[in-house]
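*Asks:* Next up is a structure, given as structure tokens.
Numbering (the numbering used here), first residue to last: 1 to 132.
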């Protein structure tokens with residue numbers, strides 16, 4: 001593999017930014033109203049992609065005709081990445097910011113598991129921020 005994983009994530013972000021601009025969505029130059037509108041648009045799109053991913057799996061216990069469509073499931077995952085990256089960009093996050101915040105949140109999740117995660121307390125998320 002010639003690229004390092006972080007280079008791949010950067011490349012995905014760059015490609016998504018280019019695609020979004022191609023369709024008229026410039027996530028770098030949005031006012032607050034446009035950010036809210038496009039974040040909601042991308043959330044709705046992800047909801048639809050999750051529904052399409054769900055439909056790739058035989059979830060109707062009463063229907064015997066269904067089959068697991070692994071190829072379609074894979075494509076739906078990629079569609080989710082398109083919209084998830086777009087949503088991150090709307091919020092001003094680049095690949096490095098996503099990686100940084102992912103690592104911080106992952107540590108919180110491990111700490112929750114180590115402590116037994118017996119209560120719901122979102123305060124451990126409050127101090128997580130992007131260091132940019």
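Note that CB positions come from ideal geometry on N, CA and C, so glycine has one too.
Any idea what DSSP makes of residue 124, helix, strand or coil?
*Replies:* The residue labelled residue 124 in the question sits at position 124 within the chain shown. Note: residue 124 maps to helix in three-state DSSP.
*Asks:* For residue 60, name the three-state secondary structure that DSSP assigns.
*Replies:* As a working mapping, residue 60 is identified with position 60 in the chain shown. Residue 60: coil per DSSP, three-state reduction.
*Asks:* Under 8 Å, with one C-beta from each stretch per pair, do the segment 73-89 and the segment 114-122 reach the 3-pair mark?
*Replies:* Touching, no.
*Asks:* Quick one: what does DSSP say residue 68 is sitting in, helix, strand or coil?
*Replies:* The count along the chain shown starts at 1 and reaches residue 68 at position 68. In this structure, residue 68 counts as coil in the three-state DSSP scheme.
*Asks:* Let me confirm a value: residue 14 is counted as buried when at least 16 other C-beta atoms fall within 10 Å, else exposed. Which label applies?
*Replies:* As a working mapping, residue 14 is identified with position 14 in the chain shown. Residue 14 should be labelled exposed.
*Asks:* Less than 8 Å between the C-beta atoms of residue 45 and residue 83, yes or no?
*Replies:* The residue given as residue 45 occupies position 45 in the chain shown. The residue given as residue 83 occupies position 83 in the chain shown. Yes, the Cβ-Cβ distance between residue 45 and residue 83 is below 8 Å.
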